[in-house]
RNA sequence: GGCGCAUUCGUCUAGCGGCCUAGGACACUGCCCUCUCAAGGCAGAGACCACCGGUUCGAAUCCGGUAUGCGCUACCA
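In this note's numbering, the protein residues as written are 295 to 794.
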């Protein structure tokens, strides 16, 4: 394998960037990096009815965000490389030319069957419990006869003759796989009646033209690989190596789908998953290092990646595990990096009205040490700290009274704590973080002299001041909030409790 | 229906004939820490290695069969 490695990811812009495509792209990139090869992005948009530019833009943006932008081929800004074009919609002449080559070799024939004919044939075979398969009835039409029919204006698809025999796939993941070409469904349409090419044909032409050495793709293509091999042979070009990756599965172990799982990459991004976590997680879905290391950067993954450790069985997408990894990566980011990641979430929360105003960088920086260990997702930061950006709180009356307390005790405690807080808390201070907070000392003393558990006192204050039962550390939160709002919230809470 | 692939704790996986009375991680349970929630630490529970045969002194690991699951089977990609 001393030859130059060239691999590719060939997304089809028929939907938003799919998490499964992301993983295939990642494996290709990892393999290329590991072997000093080239990683190519090609857009497979021959299905004009289902492809569109918005999806293509989404896919390219997603790849770029993940750090999986192309070395060669299609990137958001255009194309790079001299073996293009890299968009199938721009390669029509090439497909036509190659089809003509095959035609000249006598390896194809025009097929005049209409979709209706084929449908009827398929149904008949199904009813007879026979595997669906094209009968090849147009194969026997003489060249003169078909030329005459075409001249008469009849349209025809172009079929590639499937050579009888057993096709051997030497798969890098699965080993030797043999498939009888008889099971391929008969002669293959490579050009529609309107002259546009079909996937199995374009993929082979492109892989050949672009000098792809390793085809690394999902297992769902394994059964179709013999068609590709036959086409490569017909073109007289060397075969690439194949490596079929296990499928990513829904929890019910079917192929991961939009219906049953969240598959759009943008949705994960919007929730606040880090690229580091997504890449780490995806790499470990169907591949392992062979060691017990699990939290790995893309650089570490690149160093270790190999096809030998690729799993053969499908892997269920375990979102809980992704969230754990996300937490791991959030904790590994330094303050500056975390600020950059967090900022857009505060901005969009302000824009959509979730928060009354956006947070300043200084505010986010002050918050980071308080929330870093508490957010599984970047978006969790906003909900965890929303009280800091609100002028009034919507208290939950039931939550205001600690479990072991009654309303009277709560009122008494809030009243007793108020002057201490008014004295100790300034107007929007920095958190004291690990230092012992003098207010805490005073309030503990208050609790003790009043016969309360300090935990109950703190909980009453927490809910009064933040409106929540789960918050960042209480005293730091109060300092961030500032005296005026703390006291206002305290009074509002007391009013609510006394009214109940 | 045909063809193909797969099968180790709920999930992701380690394992490549003896180190396995099967290891790790997530999730789960308990304890510790603790102002809440987390994070972190410790401990625990959880897999007759799908099943049945065979090879071997010895099998999760090799071979055969069965079962189950999944994938493919388009003038979709």
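Even glycine gets a Cβ: it sits at the ideal position worked out from N, Cα and C. As the structure is a computational prediction, the values presented were derived from the model and not from experiment.
Start and end residues, alpha helix (DSSP H) containing residue i
i, result
"residue 632", "629-645"
"residue 347", "347-360"
"residue 749", "748-760"
"residue 520", "519-529"
"residue 427", "Segment: none, residue 427 is in no alpha helix (DSSP H) and carries neither H nor E."
"residue 464", "Per DSSP, residue 464 belongs to no alpha helix (DSSP H); it is in the beta strand (DSSP E), 460-465."
"residue 665", "655-665"
"residue 783", "777-792"
"residue 321", "313-328"
"residue 623", "613-626"
Distance between residue j and residue i (C-alpha atoms, nearest Å)
i, j, result
"residue 769", "residue 729", "11 Å"
"residue 763", "residue 664", "16 Å"
"residue 502", "residue 526", "8 Å"
"residue 475", "residue 549", "25 Å"
"residue 396", "residue 402", "6 Å"
"residue 678", "residue 765", "6 Å"
"residue 440", "residue 488", "16 Å"
"residue 434", "residue 405", "10 Å"
"residue 576", "residue 687", "40 Å"
"residue 685", "residue 744", "32 Å"
"residue 304", "residue 787", "58 Å"
"residue 416", "residue 429", "9 Å"
"residue 545", "residue 520", "30 Å"
"residue 296", "residue 481", "Annotation note: pLDDT 44 at residue 296 (below 50); position unreliable, coordinate value reported separately. Those two C-alpha atoms are separated by around 37 Å."
"residue 746", "residue 554", "50 Å"
"residue 565", "residue 643", "12 Å"
"residue 320", "residue 573", "7 Å"
"residue 508", "residue 632", "37 Å"
"residue 562", "residue 436", "56 Å"
"residue 557", "residue 312", "5 Å"
"residue 789", "residue 699", "17 Å"
"residue 778", "residue 683", "14 Å"
"residue 614", "residue 454", "47 Å"
Cβ pair residue i, residue j closer than 8 Å
i, j, result
"residue 797", "residue 337", "Residue 797 lies beyond the range of the chain shown here (295 to 794); nothing can be said about it."
"residue 776", "residue 734", "no"
"residue 314", "residue 542", "yes"
"residue 393", "residue 485", "yes"
"residue 389", "residue 491", "yes"
"residue 318", "residue 510", "yes"
"residue 531", "residue 352", "no"
"residue 381", "residue 438", "no"
"residue 708", "residue 784", "yes"
"residue 636", "residue 658", "yes"
"residue 529", "residue 497", "no"
"residue 619", "residue 712", "no"
"residue 772", "residue 719", "yes"
"residue 579", "residue 588", "no"
"residue 516", "residue 471", "yes"
"residue 660", "residue 774", "yes"
"residue 370", "residue 355", "yes"
"residue 625", "residue 668", "no"
"residue 426", "residue 479", "yes"
For residue i, the first and last residue of its enclosing beta strand (DSSP E)
i, result
"residue 435", "That residue, residue 435, is in no beta strand (DSSP E); it is neither H nor E in DSSP."
"residue 332", "332-335"
"residue 373", "372-374"
"residue 454", "451-454"
"residue 403", "402-405"
"residue 536", "535-539"
"residue 470", "469-474"
"residue 485", "482-485"
"residue 367", "366-369"
"residue 515", "Counting along the chain, residue 515 falls outside any beta strand (DSSP E), and DSSP gives it neither H nor E."
"residue 303", "300-303"
Nearest-angstrom Cβ-Cβ length linking residue i and residue j, presumed shorter than 8 Å
i, j, result
"residue 334", "residue 366", "5 Å"
"residue 538", "residue 513", "5 Å"
"residue 300", "residue 506", "5 Å"
"residue 751", "residue 739", "Not quite, the Cβ-Cβ distance comes to about 11 Å (not below 8 Å), so this is no contact."
"residue 608", "residue 547", "7 Å"
"residue 791", "residue 704", "5 Å"
Count Cβ pairs between the region 462-476 and the region 593-611 that sit closer than 8 Å; are there 3 or more?
yes
Touching by the beta-carbon criterion (3+ pairs, under 8 Å), the region 421-429 and the region 370-378
With the rule of 3 Cβ pairs closer than 8 Å, the region 421-429 does not count as touching the region 370-378.
Given 8 Å as the limit, is there contact between the region 686-701 and the region 744-758, that is, 3 or more CB pairs closer than that?
yes
Any contact between the region 325-334 and the region 563-572? By contact I mean 3 or more CB pairs, one from each, below 8 Å.
Contact between the region 325-334 and the region 563-572 is absent, because fewer than three Cβ pairs lie under 8 Å.
Examine the Cβ distances between the region 710-727 and the region 679-686 and report whether three or more of them are shorter than 8 Å.
no
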